[in-house]
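Engineer: Going by full-length UniProt numbering, the final residue of the sequence shown carries number 226, and the count climbs one at a time with no gaps.
Using N, Cα and C, we set each Cβ at its ideal position, and we do this for glycine too.
Keep in mind that this is a model prediction, so the values were computed, not measured.
Dropping the structure in here first, questions after.
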Amino acid sequence: TVRRKLHNTIQELKGNIRVFCRVRPLLGEELLGNNGEINHMNFPDEEHKILELERLAEVSLSESTLGGNRKGNGKYEFGFDRVFGPATTQFEVFDEISQLVQSALDGYNVCIFAYGQTGSGKTFTMEGPSVVDDENRGVISRGVLQIFSSTRDLVDKGWQYEFEGSFLEIYNETIRDLLGNQEGAKHEIKIANNDVTVTNLTTVQITSEDQITDLLKLASKNRAVG
């Protein structure tokens, strides 16, 4: 349809690969210093695409360290497709990527993932808090709600949709099926006809939002720890 073409042309113009940066607020003991403010980080542009890091204090390095002693302030700018500051809400994050969920419904391949060190806020962004409330729902939960809401409207217009899901992790260079119970099952990545599949991976028919929540809990329980 015309709507589908125009929508996904706009998404392509925004970039087939986009990198967002989210800065979480200070937590716990971090709030005790600097009056609870992040003084070394600035967001200088109104378009929210620049993150500026500033070295405020004198930094003394040992003579054996490359670069010797360094003094004075230094500013470093990093550009992203979008920067989310510490006050950004879960709604604002999802609003930026919700159009990609529509692209998935239109038949395009979409991948959204979070990357960062332990404690940086990946789980909160993607899943929300352990006790979910509407305000703090994560990207996954909001995406699922959007998918089922959109498809209900389309079903009323005569469309038919079927959903299925699977969960896997790659741990120590080994693919692990997080929904399966086949001990020793071998999983390989296969690429054919522009389609990527994983062999012997458990696939579950999805019929409701609550079912996905239960599958997420099961997958999390079966993840490797280490």
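Buried or exposed: where does G184 fall if 16 or more other Cβ atoms within 10 Å of its Cβ makes it buried?
Structural biologist: exposed
Engineer: Using only the alpha-carbon positions, how far apart do D210 and R55 sit?
Structural biologist: In a straight line, the C-alpha of D210 is about 47 Å away from that of R55.
Engineer: Taking the alpha-carbon positions, what's the H48 to S220 distance?
Structural biologist: 33 Å
Engineer: From what residue to what residue does the alpha helix (DSSP H) around G143 run?
Structural biologist: Note, G143: alpha helix (DSSP H), 139-155.
Engineer: Nearest to G85 by CA position, among E188, E162, R3, E37, is which residue?
Structural biologist: Of all alpha-carbon atoms in E188, E162, R3, E37, the one lying nearest the alpha-carbon of G85 is that of E37.
Engineer: Going by DSSP, name the residue or residues bridged to F163.
Structural biologist: Paired residues: I206.
Engineer: Going by the beta-carbon positions, is the gap between G121 and R24 smaller than 7 Å?
Structural biologist: yes
Engineer: I'd like to know whether the C-beta atoms of T203 and S150 end up nearer to each other than 7 Å.
Structural biologist: no
Engineer: What whole-angstrom Cβ distance do K186 and N172 have, given they're in contact under 8 Å?
Structural biologist: Contact flag wrong, Cβ pair sits at about 15 Å.
Engineer: Hey, out of L31, Y161, I189, K157, whose CA is closest to L168's CA?
Structural biologist: I189
Engineer: What are the boundary residues of the alpha helix (DSSP H) that R22 is part of?
Structural biologist: Careful: R22 lies outside any alpha helix (DSSP H), inside the beta strand (DSSP E) at 20-22.
Engineer: Where do the N-terminal and C-terminal ends of the beta strand (DSSP E) with F78 fall, by residue?
Structural biologist: 74-79
Engineer: What are the boundary residues of the beta strand (DSSP E) that A224 is part of?
Structural biologist: No beta strand (DSSP E) contains A224, which DSSP labels as neither H nor E.
Engineer: Any contact of the segment 78-94 with the segment 129-142, i.e. 3+ C-beta pairs under 8 Å?
Structural biologist: yes
Engineer: Alpha carbon to alpha carbon, how far is F80 from E30?
Structural biologist: 26 Å
Engineer: Would you mind reading off the limits of the alpha helix (DSSP H) that contains D95?
Structural biologist: 90-105
Engineer: Does DSSP put D214 in a helix, in a strand, or in coil?
Structural biologist: helix
Engineer: Alpha carbons only, please: which of D106, G119, L27, K217 is nearest the one belonging to A87?
Structural biologist: L27
Engineer: Note down the Cα distance separating E52 from I97, rounded to an integer number of angstroms.
Structural biologist: 23 Å
Engineer: Helix, strand or coil for V196? Go by DSSP, reduced to three states.
Structural biologist: strand
Engineer: Alpha carbons only, please: which of S141, E162, Q146, V83 is nearest the one belonging to K217?
Structural biologist: S141
Engineer: Nearest by alpha-carbon distance to I50: which of F78, H40, M41 is it?
Structural biologist: F78
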